[in-house]
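Protein chains in written order, with the working numbering: chain H, 1 to 322; chain Y, 1001 to 1339.
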């Protein structure tokens, strides 16, 4: 007899361990159940009922009525003839209906008073009770649409100023530099027209952002240098000009490069005019005019242009009258 | 004295074994033998309570009861298991029990990640191949489900549920590095992504070519979708531009890439990414006429079931993002405010 209280204590401990272990199971899912041997369908059913009842009770204790309702529904499906389970299910569903009514009322009142945050929380509580509630879903959709439209409206009014420190650090705040970084990337990737158009739009919106303008100018000049190295002198010169305009001022290095390009392009057009002159005086004149636009001090082009124009006038004079 | 001790320990062991969740180890690849249909304990229009038969795993059960192997996650989440073993009792949710993903503690949100360029040199908009691979590895190892924008549209507009840890991948502009760097990594992980192309970019030295886009589309992993014609800011008016001229220009910005993608790739446009993330009602009107259902901005954050489909939040991934920073952009659950 002296061992009996000890045995009782041991069993009680074991039961406590059982309850503790069971209480830790997630409330929104049934336990993984190993089926007994084949042919014991009723045993499986009995175990499943016990498991889902436990989950339903745990969910209710945690205040998750929607999960409790789902579990009671499964219990009733497994044991349709048991009135006490149906009563539990009905009680949970009644509590859900009441909660939904209360929270909808609170949410609509908050909405009326213009407190969208409080309305949002109330409507989320409605959906936590009844995840398919259309009224609450509609209110939340309306609120989000208004919120996003407001964000868009704010953005449309002004382009965000660039925080170059954030840009360099690569922190999440670097998103503020996206408006600048995007067109720079377009330019680097070879969409020169698109990149320049967007960079110009950026400078127009942020004319006083000196740091950004220096960065833009440098990027455009880099692209100009690439083209210059590939022999595309005319495009390179045009890009240097745009780099100066976007930066707001030139640099000594760019001045040197542009000067060198001016002379090279002027000579190219001079030679082109020479080739054209034998067969097409008008074209030759255009080429020498272009040569002088690049370098007004190109004496060879100036002389040839003067002579060509005189020759053209002479030709007009001897042209047969119609 | 020894009998009660052993007895109690035995009872406790049995009890604990009964209550504890079975370890969730992935099962080996299924044998070639066909799966045997397990016992159905009970069934109505909403649930089936079944005992998994020999060879029946989550995929087989999803195919059998939900008509789609890809919906295995619905059974897994409902039963809080990674896999099922033969003889295990599971509940198959035949109907959607929570179309909005709202729970007492908060609600499910779907983050849309936005990449641009990939390359060896990291910059704000350029992510290195190693960083991109590490990010995809992080998603794969941490139970994220990469879903398509079409699935997200189903969640927002038709209450079709998505996995609890869903994320959408998007890549803007159409840089060639999408094909050369990102595509092989996406293929390695079997992840889907949407490439938003601005059509004037095609032909530029660093742009995707149509054959590259076709190959990615054919893989079933990548969808090419429109991102405007010129990448101009769609809400900015040109100097002196009238309403009519603005609308015409916007029509070209919307229609040109939509038609080009349809003509060159035979792909209809479901989604549109707004250059710089900016949009207004004029543009949305035009998109709706073209059958577009979703528009993405660059306002960061996740998208709950209630998100306005034409102004979805999207978080940019930057070249300098560490894995810790990347993780902060994976907002898959928003906590509810305390009562």
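Note that CB positions come from ideal geometry on N, CA and C, so glycine has one too.
Note that this is a predicted model, so its numbers are computed, not measured.
- Chain Y has a Cβ within less than 7 Å of the Cβ of residue 185 of chain H.
- The three-state secondary structure of residue 209 of chain H, taken from DSSP, is coil.
- Judged by DSSP in its simplified three-state form, residue 1312 of chain Y adopts strand.
- In the structure shown, residue 1078 of chain Y adopts helical secondary structure according to DSSP, grouped into three states.
- Just so you know, the alpha carbons of residue 1056 of chain Y and residue 1172 of chain Y end up roughly 41 Å apart.
- Ranked by Cα distance from residue 1063 of chain Y, the first of Y/1092, Y/1258, Y/1049, Y/1102 is Y/1092.
- Within 8 Å of the CB of residue 190 of chain H, the CB atoms of chain Y belong to 1204, 1205, 1206, 1207, in sequence order along the chain.
- Against chain Y, a Cβ distance below 8 Å from residue 63 of chain H picks out 1104.
- Secondary structure of residue 1106 of chain Y (DSSP, three-state): strand.
- Interface residue (Cβ-Cβ distance to chain H less than 7 Å): residue 1213 of chain Y is not classified as such.
- Only buried fits residue 55 of chain H, as 16 or more other CB atoms lie within 10 angstroms of its CB.
- Here the alpha carbon of residue 282 of chain H sits roughly 8 Å from the alpha carbon of residue 312 of chain H.
- Listed along chain H, the residues sitting closer than 7 Å to residue 1039 of chain Y by beta-carbon distance are 41.
- Neighbours of residue 1142 of chain Y in chain H, taken as residues whose beta carbon is under 8 Å from its own, are absent, since the nearest beta carbon is some 18 Å off.
- Partner residues in the beta bridge of residue 1225 of chain Y, as assigned by DSSP, are Y/1196.
- When Cβ-Cβ separations below 7 Å define contact, residue 140 of chain H makes contact with chain Y.
- Put simply, the backbone Cα of residue 1065 of chain Y is about 10 Å away from that of residue 1075 of chain Y.
- For residue 1052 of chain Y, no beta strand (DSSP E) encloses it, and the DSSP letter there is neither H nor E.
- Shortest Cα-Cα distance from residue 1079 of chain Y to any of Y/1048, Y/1105, Y/1067 involves Y/1048.
- Listed by position along chain Y, the residues whose Cβ is nearer than 7 Å to that of residue 48 of chain H are 1041, 1049, 1089.
- Ranking H/80, H/131, H/81 by CA distance to the CA of residue 1095 of chain Y puts H/131 first.
- According to DSSP, residue 1173 of chain Y shares a beta bridge with Y/1197.
- In terms of beta-carbon proximity, residue 1065 of chain Y stays away from the interface with chain H, with every pair separated by 7 Å or more.
- With respect to residue 96 of chain H, residue 129 of chain H sits close: the two C-beta atoms are nearer than 7 Å.
- Distance from the CA of residue 1061 of chain Y to the CA of residue 1137 of chain Y, rounded to the nearest whole angstrom, comes to 28 Å.
- By the 16-neighbour rule on beta-carbons within 10 angstroms, residue 181 of chain H is buried.
- In the three-state reduction of the DSSP assignment, residue 1335 of chain Y falls in the strand class.
- Taking the Cα of residue 1101 of chain Y as reference, the smallest distance to any Cα among Y/1307, Y/1328, Y/1315, Y/1316 is reached at Y/1307.
- Bridge pairing for residue 133 of chain H: absent [DSSP].
- Closest by C-alpha distance to residue 243 of chain H, out of H/268, H/197, H/231, is H/197.
- One alpha carbon belongs to residue 1274 of chain Y, the other to residue 190 of chain H, and they sit about 21 Å apart.
- Here the region 1284-1291 of chain Y makes no contact with the region 1177-1187 of chain Y; the two share fewer than three CB pairs at distances below 8 Å.
- In this structure, residue 1152 of chain Y and residue 1192 of chain Y do not form a Cβ contact; the two beta carbons are roughly 11 Å apart against a cut-off of 8 Å.
- In this structure, DSSP gives residue 1041 of chain Y an extended state, which the three-state scheme calls strand.
- Residue 1294 of chain Y is classed as buried because its beta carbon has at least 16 other beta carbons within 10 Å across all chains shown.
- Interface residue (Cβ-Cβ distance to chain H less than 7 Å): residue 1299 of chain Y is classified as such.
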